[in-house]
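Visitor: Residues in the sequence shown are numbered consecutively from 103, following the numbering used here.
Think of the CB as a built atom: it goes at the ideal place given N, C-alpha and C, for glycine as much as any other residue.
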Amino acid sequence: MAALTAKDRAELRHQQVQGRLQMVTTLTVVLGVAFTALGLIYTARTLEATQQAQVTDRYAKSVEQLGNKDSLDSRIGAIYALGRLATDSARDGETIAEVLSAFVREHVRRYAQGKRQAAPVPDGDVLAALSVLARRLNPDHKWSMDLQGLDAHGLDLNGLDLRRADLNHARMSDVHLEGARLEQARLEQADLTKSHLGDVHLDGADLRGARLIEAYSGGGALPGADLRDAYLSKAHIKGADMRRVRLDGADLNGAVLSGSDLTGATLTGADLTDADLTNVKLTNARLDDANLIGASLYGTDLHGVTGIDPAEVRRIAKTNATTKF
């Protein structure tokens, strides 16, 4: 530095000072940004904690209100409040659905066991809970309502939306489900004896081992439903859409399926003794080991049927010139 002129030395010192000032300025900016970020994180976490506390408070108050045995209006208000809460807090939706499902199971059970007139409609709180479960909490039906073992004997559930509902082992004998939506519902081993299923939607429903003895369904939709090992003796399922339905091992003794479409259905090992299959479409159906003794096949379309010989059908079943082989 001794070789430098006084002017050069002054300029060098100025540059060094400017460099230090720039470093200090940069560090100050970085620290400012860091403190700002930390402040924002703290604020966000505080806000989240506050919101969660509010959600918890709203949930607790609604559940308490839901348990009010003396006021139907109070219970209905609590149900819709829980529905709004589930919309505001998506992560609490499933928990709220479990609460409402339990509410439905308990209140329907008490109502079904009480003294009542024929085919009563459930109280407004039960209908409200089912509505919130089906429409608000589960609009895309990505998960099911847990209604396992539901005791709804003799109730009027006409037109309800129960899509994807878990109704395994439900006790629903003599229930009215006309026009109800039960697509993809689980009804394994459910008791639907003497149930009224006119225009019901059971597309893709699981009814394995279900009891539908003497059930009535006019014009119902059951395409792709699984009815393996189901009990349908003396059931009346007229004019129904039963394409691709699984009826392996099902008991259809004396059942009336006249006018129904069973195209592509599987009836391996099914008991169709004395069943009325008049004008039924059995195109491309599988009838391996099926029992058709005494079955009425007048006007029945058997084109493409596999698993049974036409000569055997003519020998054991009731056929005439209108039967299509």
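Using the Cα positions of Val415 and Leu404, report the straight-line distance between them to the nearest angstrom.
Guide: 10 Å
Visitor: Where does Val234 land, buried or exposed, given buried means 16+ other C-beta within 10 angstroms?
Guide: buried
Visitor: I think Gly261 touches Ala231, with their Cβ atoms under 8 Å apart; what is that distance to the nearest whole Å?
Guide: That pair is no contact at about 16 Å.
Visitor: Rounded to whole angstroms, what's the CA-CA distance from Met274 to Ser164? Just pull it up for me.
Guide: If I take the Cα positions, the gap works out to 30 Å.
Visitor: Are the CB atoms of Ala323 and Ser297 nearer to each other than 9 Å?
Guide: For Ala323 and Ser297, no; Cβs fall outside 9 Å.
Visitor: According to DSSP, is Lys217 part of a helix, a strand, or is it coil?
Guide: Here the model assigns Lys217 a pLDDT of 49, short of 50, so the residue's position is not dependable, and the following value carries that caveat. Three-state result, Lys217: coil.
Visitor: Would you check if the distance between the CB atom of Thr375 and the CB atom of Asp390 is smaller than 9 Å?
Guide: No, they are not a contact pair.
Visitor: Under the rule that 16 or more other beta-carbon atoms within 10 Å means buried, what is Lys217, buried or exposed?
Guide: Caution is warranted here: a pLDDT of 49 is assigned to Lys217, below 50, making its placement in the model unreliable, and no coordinate value can be reported.
Visitor: What does the alpha-carbon distance come out to for the pair Thr429 and Arg310?
Guide: In the structure as shown, the chain begins at 103 and stops at 427. Residue 429 is therefore absent and cannot be evaluated.
Visitor: Just confirm the distance between the C-beta atoms of Leu257 and Val277, as a whole number of angstroms; I'd bet it's less than 8 Å.
Guide: Right, the Cβ-Cβ distance comes to about 6 Å (below 8 Å), so this counts as a contact.
Visitor: Where do the ends of the alpha helix (DSSP H) carrying Gly226 lie?
Guide: 226-233
Visitor: In the structure shown, what three-state DSSP assignment does His243 receive?
Guide: With a pLDDT of only 49 at His243, under the threshold of 50, the placement of this residue in the model should not be trusted; the figure read from the coordinates follows. It is coil, neither helix nor strand.
Visitor: Distance check for Ala312 and Thr189, CA to CA, integer angstroms please.
Guide: 35 Å
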